[in-house]
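full-length UniProt numbering numbers the first residue of the sequence shown as 1 and each following residue consecutively.
Where a beta carbon is used, it is the ideal one built from N, C-alpha and C, also for glycine.
What you are looking at is a predicted structure, and each value in this text was computed from that prediction instead of being measured.
Beneath this line is the structure, given in structure tokens, with notes to follow.
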Amino acid sequence: MDDCRMSVMAIYGPLVLATLSGWKQPRLYLALDTTVLWNRFCMIHLSVVCCGRAVPLLWRVLEHNSVTVAFKALLLRFALTQRV
């Protein structure tokens, strides 16, 4: 459900960018995960791994009944749909 009074990217985007700009570690670990919801939707999220936790960077829900998503299509979809 969209709420025209609130923009997730307007709030979360600058927070993530500020955090990553101050990253002091020599490596940045990313986790890519998929989850199927109600055998109808596939939720895909790309997260930064920090202190043993996955902090979401990007996420997308597709109408797709499997956790198997073509990697190239996934990356292309993320790249084309993000507004930072």
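May I ask you to verify whether the stretch 3-14 touches the stretch 33-45, counting CB pairs closer than 8 Å and requiring at least 3? no
Where residue 21 falls: helix, strand or coil (DSSP): Position 21 of the sequence shown, counted from the start, is the residue given in the question as residue 21. Here residue 21 sits in helix by DSSP.
Under 6 Å Cβ to Cβ from residue 84, same chain only, skipping five residues before and after it: list those, please. Here residue 84 refers to the residue found at position 84 when the sequence shown is read from its first residue. Confidence is the limiting factor: at residue 84 the pLDDT is only 48, short of 50, which leaves the residue's position unreliable and the question unanswerable from this model.
Simplified DSSP state of residue 26, which is helix, strand or coil: Reading the sequence shown from its first residue, position 26 is the one you call residue 26. Coil, per DSSP.
Leaving out the 5 sequence neighbours to the left and right, which residues in its chain are closer than 7 Å to residue 57 when beta-carbon positions are compared? The sequence position of residue 57 within the sequence shown is 57, counting from 1. Closer than 7 Å at Cβ, skipping near neighbours: 16, 46, 47 and 48.
State the beta-bridge partners of residue 15 as determined by DSSP. The residue you call residue 15 lines up with position 15 of the sequence shown. Per DSSP, none; premise fails for residue 15.
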